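The sequence shown lines up with residues 0 to 109 when you count with numbering that gives the first Met the number 0.
As structure tokens, the structure follows; a few thoughts come after it.
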Amino acid sequence: MNKLVALAGMLLVAGCQRSDVKVLIGATAIVAPGAQPIEDSIVIVSGRRIRSVGMRKDIPIPQDSERIDLTGKQIVPGDGSRIAVGEDSDIVVLDSTGKVTRRLVDGVWR
């Protein structure tokens with residue numbers, strides 16, 4: 000009986016863990032200085048790296064992911080970086096006034 004309870008507890012804890020895949024949905028993405036903005040974008044970050052970036056209609060959303068709705072906001076690269084496949088995630092989230100609201104660095108919100 001004790002083994003069954005321990006196994007159930009481990010499964011419960013494993014099911015509560017957050018995915019290391021983050022999906023930023025709906026923002027206007029400016030992927031590099033001077034680049035054309037991507038309206039209604041999706042950026043998928045897996046671990047520390049950017050896995051996909053593009054328009055929402057073109058990028059499938061992974062099932063096991065943490066989804067963040069950024070509709071009405073802009074996302075821009077951090078200093079000296081780009082929002083591109085294979086790059087380390089250094090993404091700044093701006094509100095409608097241009098104020099920084101969040102920053103994703105190496106897959107971790109700061």
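Idealized CB from N, CA, C, for every residue including glycine.
Bear in mind the structure is a predicted one, so any value in this text is a computation, not a measurement.
Rounding to the nearest angstrom, what Cα-Cα distance links Leu-69 and Ile-24 in this structure?
The residue labelled residue 69 in the question sits at position 70 within the sequence shown. The residue labelled residue 24 in the question sits at position 25 within the sequence shown. Approximately 6 Å between the Cα atoms of the pair.
Report the three-state DSSP secondary structure of Arg-102 (helix, strand or coil).
Position 103 of the sequence shown, counted from the first residue, corresponds to residue 102. Reduced to three states, the DSSP call for Arg-102 is strand.
Counting C-beta neighbours from all protein chains within 10 Å, is the total for Val-84 16 or more, i.e. buried, or is it exposed?
Position 85 of the sequence shown, counted from the start, is the residue given in the question as residue 84. Exposed, because fewer than 16 other Cβ atoms sit within 10 Å of the Cβ of Val-84.
Find the nearest neighbour of Pro-76 within the set Pro-59, Ser-18, Met-54 and Pro-36, judged by alpha-carbon distance.
Here the question's residue 76 lines up with position 77 in the sequence shown. Taking only the C-alpha atoms, the option nearest Pro-76 is Pro-36.
Ala-31 versus Ile-43, Val-22, Ser-95 and Arg-81, residue with shortest Cα-Cα distance
Taking the sequence shown and counting its residues from 1, the one referred to as residue 31 is at position 32. Comparing Cα positions, the closest option is Arg-81.
Which value, in whole angstroms, describes the spacing of the CA atoms of Gly-43 and Asp-87?
Within the sequence shown, numbered from 1, the residue matching residue 43 stands at position 44. Within the sequence shown, numbered from 1, the residue matching residue 87 stands at position 88. The sequence given here places Ile at residue 43; Gly does not occur at that position. Distance between the alpha carbons of Ile-43 and Asp-87: 12 Å.
Measuring alpha carbon to alpha carbon, tell me which of Pro-59, Ser-51 and Thr-100 ends up nearest Val-72.
In the sequence shown, residue 72 corresponds to position 73, counting from 1. A small correction: the amino acid at residue 72 is Lys; Val does not occupy that position in the sequence shown. The candidate whose alpha carbon is nearest that of Lys-72 is Thr-100.
Are the beta-carbon atoms belonging to Val-22 and Glu-65 less than 8 Å from one another?
Position 23 of the sequence shown, counting from 1, holds the residue named residue 22. Position 66 of the sequence shown, counting from 1, holds the residue named residue 65. Yes, the Cβ-Cβ distance between Val-22 and Glu-65 is below 8 Å.
Checking the sheet assignment: what are the DSSP bridge partners for Ser-40?
Taking the sequence shown and counting its residues from 1, the one referred to as residue 40 is at position 41. Per DSSP, Met-54.
With respect to the beta strand (DSSP E) encompassing Gln-73, which residues constitute its N-terminal and C-terminal limits?
As a position in the sequence shown, residue 73 is number 74, starting the count at 1. Looking at the DSSP string, the run of the beta strand (DSSP E) that includes Gln-73 is 73 to 76.
Given this structure, state the Cα-to-Cα distance separating Asp-57 from Gly-46, to the nearest angstrom.
One-based indexing of the sequence shown puts residue 57 at position 58. One-based indexing of the sequence shown puts residue 46 at position 47. Cα to Cα, Asp-57 sits roughly 22 Å from Gly-46.
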